[in-house]
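Residue numbers (the working numbering): 3 to 309. The next block holds one structure in the form of structure tokens; read it before the comments.
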Amino acid sequence: MVRYLVFPELSGQRLDLAVAALSGLARREVRRLAAGGQIWLNGAAARVLSRSVTTGDVVDLIPPAGPLRPPASPPSVPLLHEDGWLVAVNKPAGVTSQPPRQRRQGELSVHEILALQLAHRHGRRRDVLLIHRLDRLTTGVMVFALQHEASRALARAWHDATLDKRYLVVAVGTPPRRRFGVTAPIARDPARPDTFRVHRQGRPARTEVVLLAAAHGFSLLEVRPLTGRTHQVRVHLAHAGIPVAGDTRYGGGGGVPRPFLHAWRLSLPHPAHGTPLALAAPLPVDMLSFLAERGLPLPPPDPLPRR
Numbered sequence: 003m004v005r006y007l008v009f010p011e012l013s014g015q016r017l018d019l020a021v022a023a024l025s026g027l028a029r030r031e032v033r034r035l036a037a038g039g040q041i042w043l044n045g046a047a048a049r050v051l052s053r054s055v056t057t058g059d060v061v062d063l064i065p066p067a068g069p070l071r072p073p074a075s076p077p078s079v080p081l082l083h084e085d086g087w088l089v090a091v092n093k094p095a096g097v098t099s100q101p102p103r104q105r106r107q108g109e110l111s112v113h114e115i116l117a118l119q120l121a122h123r124h125g126r127r128r129d130v131l132l133i134h135r136l137d138r139l140t141t142g143v144m145v146f147a148l149q150h151e152a153s154r155a156l157a158r159a160w161h162d163a164t165l166d167k168r169y170l171v172v173a174v175g176t177p178p179r180r181r182f183g184v185t186a187p188i189a190r191d192p193a194r195p196d197t198f199r200v201h202r203q204g205r206p207a208r209t210e211v212v213l214l215a216a217a218h219g220f221s222l223l224e225v226r227p228l229t230g231r232t233h234q235v236r237v238h239l240a241h242a243g244i245p246v247a248g249d250t251r252y253g254g255g256g257g258v259p260r261p262f263l264h265a266w267r268l269s270l271p272h273p274a275h276g277t278p279l280a281l282a283a284p285l286p287v288d289m290l291s292f293l294a295e296r297g298l299p300l301p302p303p304d305p306l307p308r309r
């Protein structure tokens, strides 16, 4: 038995065309194998070859004699938690949360990588439903629902703010106080696409900040956004005069190759029973190296009191 995963470039194709592309077999050979019950789609015998496939579908086949194209290695993302309702991952930098409007050759989003990873693990395509997003260069905890009921419950938690989000941030400069808040409305910047700013006609936004350490012109902060505006942490820290290191869009250079913004901890009610679920993502290697080089200590387990 040989197992193939349907990648995004084949999504929407007929099953027989997809199997031919994946295996290198001629379509007539694919039809012959299917007629003999030698092809399965997501664990069920594939009888209708005209049906469309989608990303994450699993194709199993009993190979005929002769050469067969080897399956592509499935991509993966570090898993933090998985149950029948949801899955949490540690998003790496440089990967979009969902498929971008303009995709580079071979580029996969975290959403697509996870769908392929779970399909390979479970032997069938799983519903993987996007709940929230992190920017391409932001790392850390991302949560996906595995069923529609869980998706609705998690969406309510995000909308009603019944969750506790905490970021670890390297900022340029040092705040004047160890603990402070930023309350400032955020609006889209009409002069710069995909950029936001503090503006009196914007949507209300509030962020709590704690200084954990400072050295050599940089600070390590724990940041808790109490509202969920786009780019809120980046905009509010820039407004406070301590922009995220590496965030050139909002004035935070510092010679850092990317914004050092990490979704560190997330606590939310489990969609099945409401019990708090606490998730934590280890810091990426580039942030750990930067902290070590600057003599900035790693953060304590939980410096901010929970609400």
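Just so you know, even glycine gets a beta-carbon here, dropped at the ideal spot from N, CA and C.
Tell me the rounded alpha-carbon separation between residue i and residue j.
i	j	result
P10	L223	38 angstroms
P273	F182	32 angstroms
P66	D288	47 angstroms
G381	G219	There is no way to answer for residue 381, as the model of the chain reaches only from 3 to 309.
M1	R127	No answer is possible for residue 1: the residues shown for the chain start at 3 and end at 309.
W266	R53	42 angstroms
G253	S99	24 angstroms
V211	L136	19 angstroms
A189	A157	22 angstroms
P278	V21	43 angstroms
H264	A36	47 angstroms
A186	R231	11 angstroms
L213	R16	55 angstroms
G26	G68	11 angstroms
Q203	P192	13 angstroms
V174	V246	6 angstroms
L12	V200	43 angstroms
V171	A46	47 angstroms
G108	V235	31 angstroms
A159	P284	24 angstroms
A198	P261	First, the residue type needs correcting, since residue 198 is Phe and not Ala in the sequence shown. F198 and P261: Cα-Cα distance of roughly 16 angstroms.
R103	L110	12 angstroms
L268	E151	20 angstroms
S153	A95	25 angstroms
Check for me: the alpha helix (DSSP H) holding residue i runs from which residue to which?
i	result
E1	Within the shown structure, residues of the chain are numbered from 3 to 309, placing residue 1 beyond reach of any answer.
E295	V287 to R296
L239	Q234 to H241
A20	L17 to S25
Kindly list the residues whose CB is nearer than 6 angstroms to the CB of residue i, restricted to its own chain and excluding five residues on each side of it in sequence; keep chain order.
i	result
L228	R208
Y6	L24, V61 and P73
V130	L116, A117 and F146
Per DSSP, what kind of secondary structure is residue i in: helix, strand or coil?
i	result
T141	strand
V225	strand
W87	coil
R194	coil
D59	coil
V32	helix
T250	helix
A37	helix
L82	strand
P278	strand
P271	strand
R308	At R308, the pLDDT of 45 sits below 50, so the modelled position is not reliable and the matter cannot be decided from this model.
L136	coil
L12	helix
A95	coil
L43	strand
F146	strand
P299	coil
A283	coil
Who are the near neighbours of residue i in its chain, counting only those whose CB is closer than 7 angstroms to its CB and skipping five residues on each side?
i	result
L81	V89 and V91
R296	A217, H218 and F220
Can you list, in chain order, the residues of its chain whose CB lies under 8 angstroms from that of residue i, leaving out five sequence neighbours each side?
i	result
R29	D18, L19 and A22
T56	V8, S13, G14 and R127
A294	none
Taking residue i as part of the beta strand (DSSP E), name the residues at either end of that continuous run.
i	result
V4	V4 to L7
L213	R208 to A217
Any heavy atom of the ligand HEM closer than 8 angstroms to the Cβ of residue i?
i	result
G255	Among the components modelled here there is no ligand, and therefore nothing to report on the ligand HEM.
Identify every run of the alpha helix (DSSP H) within the stretch 148 to 205, keeping only runs that are complete inside it and at least 4 residues long; order them along the chain.
150 to 162
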